[in-house]
Amino acid sequence: MEKNVEIEVRNLNFYYGETLVLKNINLTIYKNKVTALIGPSGCGKTTFLRCLNRMHDLYAGNKYEGEIIFEEKNILNKNIDLISLRSKIGMVFQKPTPFPMSIFDNVAYGL
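Structural data, given as structure tokens:
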């Protein structure tokens with residue numbers, strides 16, 4: 001991976017259960033550059049962003065295929081430390097969506 005590349009997405013497919021919702025996504029995100037995802041409501045922008053820190057893992061039945069390379073590692077690999085990953089790739093969404101756990105656990109999760 002080039003030195004100025006922060007994240008490299010290769011042939012990413014994402015499924016909610018058996019339903020393919022992201023198909024063959026390839027994208028290079030460069031360091032110190034602005035990257036915009038633009039499209040109509042419901043086209044998969046948020047679903048894609050949630051793939052970048054594996055937020056979909058919190059719900060049963062979701063499946064990833066392909067690669068997301070960050071710090072020279074495929075973050076879709078099952079042995080990735082998700083707490084470390086999420087401390088490096090954070091997200092703030094327009095509408096807050098708590099994780100499927102108690103209020104206390106949602107607040108404490110980021111600590």
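For the sequence shown, UniProt numbering assigns the number 1 to the initial residue and increments by one for each residue that follows. Every residue, glycine too, gets a C-beta built ideally from N, C-alpha and C.
query	result
Leaving out five residues on either side along the sequence, give the residues of the same chain with a beta carbon under 8 Å from the beta carbon of Ile29.	Val5, Glu6, Ile7, Glu8, Val9 and Thr35
Answer yes or no: does any C-beta atom of chain D fall closer than 9 Å to that of Val92?	The structure shown contains no chain D, having only a single protein chain.
Checking the sheet assignment: what are the DSSP bridge partners for Thr28?	Glu8
Measuring straight from C-alpha to C-alpha, what distance separates Lys88 and Arg50?	14 Å
Mind checking Ile103: buried by the 16 CB within 10 Å criterion, or exposed?	exposed
For Thr19, which of Leu37, Gly61 and Asp105 has the nearest alpha-carbon?	Gly61
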